[in-house]
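> Residue 1 is where the sequence shown starts when you use the UniProt record's numbering, and the numbers rise one by one after that. All residues carry an ideal CB built from backbone N, CA and C; glycine is no exception.
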Amino acid sequence: MPRRVSRHEFVQPLPQRNGIDPVALLLPLAGEDAASAAAAQPPRPTETFGARTVFEYLVNRFYPHDPAIIAARFEAHEVKDATGADVAPTAPLAGQKIWYYRELGNERKVPFDMPVLYEDEWVLAIDKPHFLPTTPNGSFVAHTALAQLRVRENNPDLIPIHRLDRPTAGVVLFAKTKDARAPFQLMFQNRRVEKSYEAVAAAVPELEPGASVQVNTRIDKTHGQLQVRQLSQEEASAQGLETNARSIVTCLKIFDLPAGILPERSTQNPALPLPSGRMTHYKLDPITGKTHQLRAHLWALGAPIAGDVLYPYALPIADDEPALPLQLLARTVTFTHPITGEDITITSHRKLALAP
Numbered sequence: 001m002p003r004r005v006s007r008h009e010f011v012q013p014l015p016q017r018n019g020i021d022p023v024a025l026l027l028p029l030a031g032e033d034a035a036s037a038a039a040a041q042p043p044r045p046t047e048t049f050g051a052r053t054v055f056e057y058l059v060n061r062f063y064p065h066d067p068a069i070i071a072a073r074f075e076a077h078e079v080k081d082a083t084g085a086d087v088a089p090t091a092p093l094a095g096q097k098i099w100y101y102r103e104l105g106n107e108r109k110v111p112f113d114m115p116v117l118y119e120d121e122w123v124l125a126i127d128k129p130h131f132l133p134t135t136p137n138g139s140f141v142a143h144t145a146l147a148q149l150r151v152r153e154n155n156p157d158l159i160p161i162h163r164l165d166r167p168t169a170g171v172v173l174f175a176k177t178k179d180a181r182a183p184f185q186l187m188f189q190n191r192r193v194e195k196s197y198e199a200v201a202a203a204v205p206e207l208e209p210g211a212s213v214q215v216n217t218r219i220d221k222t223h224g225q226l227q228v229r230q231l232s233q234e235e236a237s238a239q240g241l242e243t244n245a246r247s248i249v250t251c252l253k254i255f256d257l258p259a260g261i262l263p264e265r266s267t268q269n270p271a272l273p274l275p276s277g278r279m280t281h282y283k284l285d286p287i288t289g290k291t292h293q294l295r296a297h298l299w300a301l302g303a304p305i306a307g308d309v310l311y312p313y314a315l316p317i318a319d320d321e322p323a324l325p326l327q328l329l330a331r332t333v334t335f336t337h338p339i340t341g342e343d344i345t346i347t348s349h350r351k352l353a354l355a356p
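1. Measure the alpha-carbon distance for Arg3 versus Ala175 and round it to whole angstroms.
2. Among the candidates Ala314, Glu103, Gln185, whose CA atom is the shortest distance from the CA of Thr336?
3. So, under 8 Å CB-CB, residue 429 and Asp285 are touching, yes? Tell me the CB distance rounded to an integer number of Å.
4. In angstroms with no decimal places, state the Cα-to-Cα distance between Met279 and His77.
5. For Phe112, which of Leu132, Gln96, Trp99 has the nearest alpha-carbon?
6. Starting from Tyr100, follow the beta strand (DSSP E) in both directions and report where the run begins and ends.
7. Near residue 357, which residues of its chain fall below 6 Å by C-beta distance, leaving aside the five closest residues on each side in sequence?
8. What are the residues that DSSP puts in a beta bridge with Leu284?
9. Classify Arg7 as buried or exposed, calling it buried when 16 or more other Cβ atoms lie within 10 Å of its own Cβ.
10. Consult DSSP for Ser212 and reduce its assignment to one of helix, strand or coil.
11. Compare the C-alpha of Glu121 against each of Pro205, Ala180, Arg102, Arg52 and name the closest.
12. In three-state DSSP terms, what is Met279?
13. According to DSSP, is Lys178 part of a helix, a strand, or is it coil?
14. Taking 7 Å as the limit between beta carbons, can you name the residues of its chain near Arg52, skipping five residues before and five after?
15. Apart from the five residues just before and just after Asp319, which ones in its own chain have a Cβ nearer than 6 Å to its Cβ?
16. Please name the residue, chosen from Leu329, Thr340, Pro338, that lies closest to Leu354 on a Cα-to-Cα basis.
17. Is Gln189 helix, strand or coil when you go by DSSP?
18. If you measure between the beta carbons of Ala282 and Ala147, is that distance less than 8 Å?
19. Rounded to a whole number of angstroms, what is the C-alpha to C-alpha distance between Tyr197 and Asp86?
20. Using three-state DSSP, classify Ser232 as helix, strand or coil.
21. Give me the Cα-Cα distance between Tyr101 and Ala201, rounded to the nearest whole angstrom.
22. So what's Pro183 in DSSP terms, helix, strand or just coil?
23. Between Leu257 and Ser266, is the Cβ-Cβ spacing less than 8 Å?
24. Measuring CB to CB, does Ile161 end up less than 8 Å from Phe188?
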C-alpha cells in the first residue's frame, strides 16, 4: 500500500535545523525583586548571573568558557523574539522569551534503523532500535528518533505520541500533523491503548510456562533520581498509600542460554553482569504506565531484565554493550484509531538477542 502523507504549515521564530527545534528561553528581569518575579504568573527566573544584557546572560549562564559561541549566534541573526525579529546582544534583560540554537555536543553514535510499521495521513509508527532515544534528552539531541525522522520524512511537525526508554526497542507512534496530536495523545492518556512487551530475565520461582502473575506496587519517580522508588502492596498499605502500578507477567518459555552467545565479560561496561544458564522469556502486559514500570516489576519479582543498567543497581555510566542491549521489546500496540475508528494492531518485527 502506498504511504500517504500530509503536511501543515509550520511557523516558529526560528526554523528547525536538521530536525532539531530551537531553544525557547524565558529571561529574568534585571533589577527586579526576586520575590515578585517568583510570584509572577507564570513565574520568571530570578537569577541573572550578574548580567544586564541578553548577550551577557547567555554567556554567563551557558558558555563562560567560550563567549564566541553566543557571539556567533547573534552575528548569524539566530537569536529571535516571539515575533521573529532579531534580538540585539545589547538588549536589556526584560523578562522576555527568546529563541536560539543550542550548541550540540559530541554525541555517541547510535543506530538509526527505524523501519516504518504503519502509516496513514495522521500517524506514523516505527520499529525503534535499542539505544536510540525517542526524543532529545541530556547528551542526545541530534542522535534521536525524533530529529532523524523529521529529516528523513521531511516533516517538521512530527511529534511522538508516547515514548520508549532509550534502551528499549519496539513500536513507537508519532503524530504527523498538529491536528492529529491531541486525539492520539488523549487516546494514550485515557488508557484506550493496549500494549504488550517481551523480556528475557532470570526465572521467577514457581512461574511455569503459560502461567501468569499480576504485580501491584507503588511507583514514584523523583526528579534527578535515576531509579524509581517502589513499594510493595503491603509496604504501600502500611504507609497509607495506594498502589499505582500494575502489570501482568506471563512466562512464555524457560530455556538454557546457549554457551558462547555472549562474551565472557563486557568490554564496554565492565560493571554489567552478563547472564548465563537458565533464563526465561516473558510476555509483559502493563495495565498502568508508570516510569520504568516493567523494569521495576521484574526486579520486584527477583528477576531483573537482562542487560538492565538501572535495576537492581544503577551502574556507572559507560558505553552501551551492543552484545547485550536491555532485553525489553515493545512488541505490540493495539488501539481504535481516534480519527477513522479503525481497529489497529501494530507489531514490532524485532527479536530480542537472548530470546529463544
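So, from the data block:
1. Residue placement at Arg3 is poorly supported in this model, since its pLDDT is 45, which falls under 50; the coordinates still yield a value, given next. When rounded, the distance between both Cα atoms is 15 Å.
2. Gln185
3. Lying before the first or after the last residue shown, residue 429 is absent from the chain, which here runs from 1 to 356.
4. 58 Å
5. Leu132
6. 97-100
7. Since the first residue shown for the chain is 1 and the last is 356, residue 357 is missing from the structure and cannot be characterised.
8. Tyr197, Val249
9. Residue placement at Arg7 cannot be trusted, given a pLDDT of 44 that sits under 50; what the coordinates show is reported in the next sentence. Per the 10 Å Cβ criterion, exposed.
10. strand
11. Ala180
12. strand
13. helix
14. Ala30, Pro92, Leu93
15. Gln268
16. Leu329
17. helix
18. The amino acid occupying residue 282 in the given sequence is Tyr; Ala does not appear at that position. Cβ atoms of Tyr282 and Ala147: not closer than 8 Å.
19. 48 Å
20. strand
21. 42 Å
22. helix
23. no
24. yes
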